[in-house]
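Sequence positions in the sequence shown follow the working numbering and run 398 to 625.
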Amino acid sequence: MAISSTIVFDLDGTLVDTAPDLINALNHILQREGLRPVPLASARKMIGHGARKLLERGLEAEGRFASPSDMERLTVDFIDFYAENIAIESRPFEGLEAALDELAGRGCQFAVCTNKLEWLSRRLLDQLGLSSRFAAICGADTFGVAKPDPTILRQTIAQAGGEVAAAIMVGDAGTDVGAARRAGVPVIGCTFGYTDVPIAELNPDHLIDHMRELPAAVTALSSSLRIT
Numbered sequence: 398m399a400i401s402s403t404i405v406f407d408l409d410g411t412l413v414d415t416a417p418d419l420i421n422a423l424n425h426i427l428q429r430e431g432l433r434p435v436p437l438a439s440a441r442k443m444i445g446h447g448a449r450k451l452l453e454r455g456l457e458a459e460g461r462f463a464s465p466s467d468m469e470r471l472t473v474d475f476i477d478f479y480a481e482n483i484a485i486e487s488r489p490f491e492g493l494e495a496a497l498d499e500l501a502g503r504g505c506q507f508a509v510c511t512n513k514l515e516w517l518s519r520r521l522l523d524q525l526g527l528s529s530r531f532a533a534i535c536g537a538d539t540f541g542v543a544k545p546d547p548t549i550l551r552q553t554i555a556q557a558g559g560e561v562a563a564a565i566m567v568g569d570a571g572t573d574v575g576a577a578r579r580a581g582v583p584v585i586g587c588t589f590g591y592t593d594v595p596i597a598e599l600n601p602d603h604l605i606d607h608m609r610e611l612p613a614a615v616t617a618l619s620s621s622l623r624i625t
């Protein structure tokens, strides 16, 4: 498949298993505020809508609600701690780099479209040695909008030098499927990510259970790409 398609990835729960470090940061804040830590297994479903939402969900799980000013303070503290501990346990999902190598060999290019802040996303990918693989790394603050708003996906594709008509989204949650659907981009759903609604129920165009399946999924969807 000799095409110049752009494969756009979500970050947390799609490219990288970031849950351990995110939940460690959440628990750091909770314990500092005199609250119990949340278990990693249940807290994984809280991830995916940015730091503030993760904090809100963590507080709600403990029966606590913070004022807007307190949330602002806690979010700043969370980000500060997380930034300093961003890649302690976070790792690319198994099979990712081999899949990227295979797709790059076919002429595909890659981009990241995440609701994480751009500078945090770059720091994480830098520390994991992955940044150079992506033509664009865009976060919720890059264009002032977040998924599922399709603007962030369209602008990410443009920043990577790609075309919406020759792009595929890869993600693990409703925000990814929603952004892709609204942008008119086919979407591959990852069953191993973070979501409170099973990705299969959101009807992505293709499902993968492991990154080794990604090249075949891209091939299966290639016929829907309108490439000139």
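Glycine included, each C-beta is placed from N, C-alpha and C at the ideal position.
Computed from a predicted model, the values in this text were never measured in an experiment.
Minimum C-alpha distance to A655 - residue among L525, A533, R530, T415: Outside the shown range of the chain, which is 398 to 625, sits residue 655, and nothing can be said about it.
Can you say whether F462 is buried or exposed, counting buried as having 16 or more other CB atoms within 10 angstroms of its CB? In the sequence shown, counting from the first residue as 1, residue 462 sits at position 65. Exposed.
Assuming P612 and A458 are in contact, meaning their beta carbons sit under 8 Å apart, how far apart are those beta carbons, in whole angstroms? Position 215 of the sequence shown, counted from the start, is the residue given in the question as residue 612. Position 61 of the sequence shown, counted from the start, is the residue given in the question as residue 458. Beta-carbon to beta-carbon, P612 and A458 are separated by about 38 Å, too far to satisfy the 8 Å threshold.
P626: buried (16+ other C-beta within 10 angstroms of its C-beta) or exposed? The requested residue 626 does not occur in the structure, where the chain is confined to residues 398 to 625.
Helix, strand or coil: which one does DSSP assign to T553? Mapped onto the sequence shown, residue 553 falls at position 156. Here T553 sits in helix by DSSP.
Beta-carbon proximity list for Y591, same chain, < 7 Å, skipping 5 on both sides: In the sequence shown, counting from the first residue as 1, residue 591 sits at position 194. Its chain contains D409, G410, A416, R441, K442, I444, G445, D569, A570 as the residues whose beta carbon lies nearer than 7 Å to that of Y591, once the 5 sequence neighbours on both sides are disregarded; these appear in chain order.
How would you write the range of the alpha helix (DSSP H) that T592 sits in, first residue to last? Taking the first residue of the sequence shown as position 1, residue 592 is located at position 195. Run containing T592: none; DSSP gives neither H nor E here.
Within the chosen definition, does the region 565-584 reach the region 536-551 through at least 3 CB pairs nearer than 8 Å? Yes, since at least three Cβ pairs between the region 565-584 and the region 536-551 fall closer than 8 Å, the two stretches touch.
Starting from the C-beta of L422, find all residues in its chain whose C-beta is less than 7 Å away, skip the five residues before and the five after it, and write them out in chain order. Stepping through the sequence shown from its first residue, residue 422 is reached at position 25. For clarity, residue 422 is Ala in the given sequence; the question names Leu instead. Result list for A422: F475, F478, Y479, N482, in chain order.
Starting from T403 and walking both ways along the beta strand (DSSP E), at which residues does that stretch end? Taking the first residue of the sequence shown as position 1, residue 403 is located at position 6. It spans 403-406 - the beta strand (DSSP E) in which T403 sits, taken as one unbroken run.
Within a Cβ cutoff of 8 Å, which residues of the same chain sit near I426, ignoring the five residues on either side of it in sequence? Sequence index remark: in the sequence shown, residue 426 carries index 29 (1-based). L452, G455, L471, D474, F475, F478.
Candidates E499, T588, V594, I565, of which the one nearest I404 by Cα: One-based indexing of the sequence shown puts residue 404 at position 7. For the residues E499, T588, V594, I565, the minimum Cα distance to I404 belongs to I565.
When E494, E491, D593, L527 are compared against T572, the one with the closest alpha-carbon: The sequence position of residue 572 within the sequence shown is 175, counting from 1. The shortest Cα separation from T572 among E494, E491, D593, L527 belongs to D593.
Write down the C-beta distance between G492 and M608 rounded to the nearest angstrom, noting that I regard them as a contact closer than 8 Å. The sequence position of residue 492 within the sequence shown is 95, counting from 1. The sequence position of residue 608 within the sequence shown is 211, counting from 1. So it is a contact: roughly 4 Å between Cβ atoms.
Hey, could you find the ends of the alpha helix (DSSP H) L427 is sitting in? Position 30 of the sequence shown, counted from the first residue, corresponds to residue 427. Where L427 is concerned, the enclosing alpha helix (DSSP H) starts and stops at 416-429.
Would you please state the rounded distance, in angstroms, between the beta carbons of V641 and C587? I believe it to be under 8 Å. This structure cannot settle anything about residue 641, because the visible part of the chain is limited to 398 through 625.
Do you know whose CA, among N512, A532, E494, lies nearest G447's CA? Here residue 447 corresponds to residue number 50 of the sequence shown, with the count starting at 1. Closest option to G447, Cα to Cα, is N512.
Boundaries (first-last residue) of the alpha helix (DSSP H) holding A580: Walking along the sequence shown from the start, residue 580 turns up at place 183. For A580, the uninterrupted alpha helix (DSSP H) segment begins and ends at 571-580.
Buried or exposed, going by whether 16 or more other CB atoms sit within 10 Å of the CB of R530? Your numbering for residue 530 matches position 133 in the sequence shown. Per the 10 Å Cβ criterion, buried.
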